[in-house]
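Structure record follows, encoded as structure tokens.
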Amino acid sequence: MPPRLFLDTPLGSAADGDAAASQPHELILPAGAARHVQVLRLQPGAAITLFDGSGFEWQAEVLRMGRSEVSVHLHARQLVHRELAHAVSLCVVMPANDRMDGVIEKATELGAAAVQPLMSERSVLRLSGERADKKQAHWQGVAVAACEQSGRAQVPEIAPVRTLAQWLKSLPPVQASQRRWLLSPTAARPLAELARAQAGATSTLVLSGPEGGLSPAEEQAAREAGFEAVQLGPRILRADTAPLAVLGWLALQSV
Numbered sequence: 614m615p616p617r618l619f620l621d622t623p624l625g626s627a628a629d630g631d632a633a634a635s636q637p638h639e640l641i642l643p644a645g646a647a648r649h650v651q652v653l654r655l656q657p658g659a660a661i662t663l664f665d666g667s668g669f670e671w672q673a674e675v676l677r678m679g680r681s682e683v684s685v686h687l688h689a690r691q692l693v694h695r696e697l698a699h700a701v702s703l704c705v706v707m708p709a710n711d712r713m714d715g716v717i718e719k720a721t722e723l724g725a726a727a728v729q730p731l732m733s734e735r736s737v738l739r740l741s742g743e744r745a746d747k748k749q750a751h752w753q754g755v756a757v758a759a760c761e762q763s764g765r766a767q768v769p770e771i772a773p774v775r776t777l778a779q780w781l782k783s784l785p786p787v788q789a790s791q792r793r794w795l796l797s798p799t800a801a802r803p804l805a806e807l808a809r810a811q812a813g814a815t816s817t818l819v820l821s822g823p824e825g826g827l828s829p830a831e832e833q834a835a836r837e838a839g840f841e842a843v844q845l846g847p848r849i850l851r852a853d854t855a856p857l858a859v860l861g862w863l864a865l866q867s868v
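Quick note on our numbering: the sequence shown kicks off at 614 and runs consecutively.
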């Protein structure tokens with residue numbers, strides 16, 4: 614398969630039947646994408662696939678390779694359908710070390726629409742200010758790379774780091790079309806049972822705590838914000854495993 618590259622600029626109108634967007638034309642790649650092509654050592658005539666996050670893909674052919682500039686021949690676009698049946702957002706109290714990178718990567722591959730990094734009372738990893746901004750930008754880059762690899766044409770949004778308390782207060786009232794799940798090993802209700810009871814939902818928020826779980830006060834605040842506690846089985850999963858297990862299960866339901 615041709616290499617897939619994300620361009621952080623619109624490649625054409627998303628309106629079906631837009632003639633200008635469907636006609637072949639020459640395009641000079643932005644610096645980041647051009648470097649990617651050069652690193653891959655592609656030559657004129659090589660095929661590549663471009664996407665801009667709109668849900669469309671463009672087949673393209675490398676025309677010229679300069680020292681710092683790469684031009685391609687952009688062909689007609691096509692709409693691709695590789696998203697989950699409904700939007701799933703992971704709201705994750707960040708695990709320690711670099712394990713959040715893995716959460717972002719795998720969540721993107723599995724089809725997450727968005728990821729909200731959070732800090733709670735028992736968080737080990739705490740970020741603020743410029744450091745938090747840099748991490749958010751880095752994680753957005755991880756999501757882009759995972760989209761390029763996995764074939765997704767829509768890039769999940771990696772939201773700014775927030776405290777759990779701030780984030781819960783910012784949520785609007787829960788709607789009938791939205792499921793809000795709190796992952797808890799002490800919950801009585803299994804995932805499959807709760808999913809069947811809420812089968813008509815069109816979006817899902819999955820809240821996952823840190824190693825050691827949320828504090829009792831935090832669990833109560835989540836319940837007051839409309840989250841229903843759900844358990845994933847008899848085993849205790851790590852903070853970077855539990856949200857991906859739920860997302861993987863939901864992804865399989867969309868097949």
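Ideal Cβ positions, reconstructed from N, Cα and C, are used throughout, including at glycine.
Cβ-Cβ distance between residue i and residue j below 8 Å
i, j, result
"residue 807", "residue 855", "no"
"residue 638", "residue 687", "yes"
"residue 812", "residue 724", "no"
"residue 936", "residue 749", "Residue 936 cannot be examined here, being either before or after the span of the chain that is shown, 614 to 868."
"residue 791", "residue 814", "yes"
"residue 708", "residue 852", "yes"
"residue 660", "residue 674", "yes"
"residue 766", "residue 668", "yes"
"residue 706", "residue 823", "yes"
"residue 684", "residue 740", "no"
"residue 781", "residue 838", "yes"
"residue 696", "residue 755", "no"
"residue 842", "residue 802", "yes"
"residue 831", "residue 777", "yes"
Cutoff 8 Å; reference residue i; Cβ partners in own chain excluding five residues on either side
i, result
"residue 819", "701, 702, 703, 704, 794, 796, 856, 859 and 860"
"residue 620", "642, 643, 646, 663, 664 and 665"
"residue 631", "With a pLDDT of 48 at residue 631, under the threshold of 50, the predicted position of this residue should be treated as unreliable, though the coordinate-derived value follows. Once the five neighbours on either side are set aside, the close Cβ partners of residue 631 are 625."
"residue 655", "616, 661, 675 and 678"
Buried versus exposed, by CB contacts within 10 Å (16 or more), residue i
i, result
"residue 665", "buried"
"residue 817", "buried"
"residue 848", "exposed"
"residue 789", "exposed"
"residue 732", "buried"
"residue 692", "exposed"
"residue 736", "buried"
"residue 768", "buried"
"residue 833", "exposed"
"residue 682", "exposed"
"residue 689", "exposed"
"residue 713", "buried"
"residue 759", "buried"
"residue 779", "exposed"
Own chain partners of residue i with C-beta closer than 6 Å, once the 5 adjacent residues on each side are dropped
i, result
"residue 770", "727"
"residue 763", "722"
"residue 651", "none"
"residue 821", "705, 796, 855 and 856"
"residue 623", "665"
"residue 738", "707 and 709"
Beta bridge counterpart(s) of residue i as assigned by DSSP
i, result
"residue 674", "660 and 686"
"residue 669", "692"
"residue 615", "Partner(s): none; residue 615 has no beta bridge."
"residue 651", "Residue 651 is not bridged to any residue."
"residue 729", "704"
"residue 638", "687"
Within-8 Å CB hit, residue i to chain B
i, result
"residue 649", "The chain labelled as chain B is not found in the depicted structure, where only one protein chain is given."
Contacting residues, own chain, Cβ-Cβ under 7 Å from residue i (five flanking each side not counted)
i, result
"residue 698", "867"
"residue 787", "793 and 839"
"residue 761", "617, 618 and 619"
Exercise. Write down every uninterrupted run of the beta strand (DSSP E) in the segment 681-724 whose length is 3 residues or greater and which is fully enclosed by it, in chain order.
Key: Along the length of the segment 681-724, whole beta strand (DSSP E) runs at least 3 residues long occupy 683-692 and 700-706, reported in chain order.
Exercise. Can you check the segment 762-807 for any beta strand (DSSP E) of at least 3 residues that lies completely inside it and give the ranges in chain order?
Key: The qualifying runs are 791-796.
Quiz item: Which runs of the beta strand (DSSP E) fall wholly inside the segment 803-868 and span at least 3 residues, in chain order?
Solution: The segment 803-868 contains these whole beta strand (DSSP E) runs: 816-821 and 841-843.
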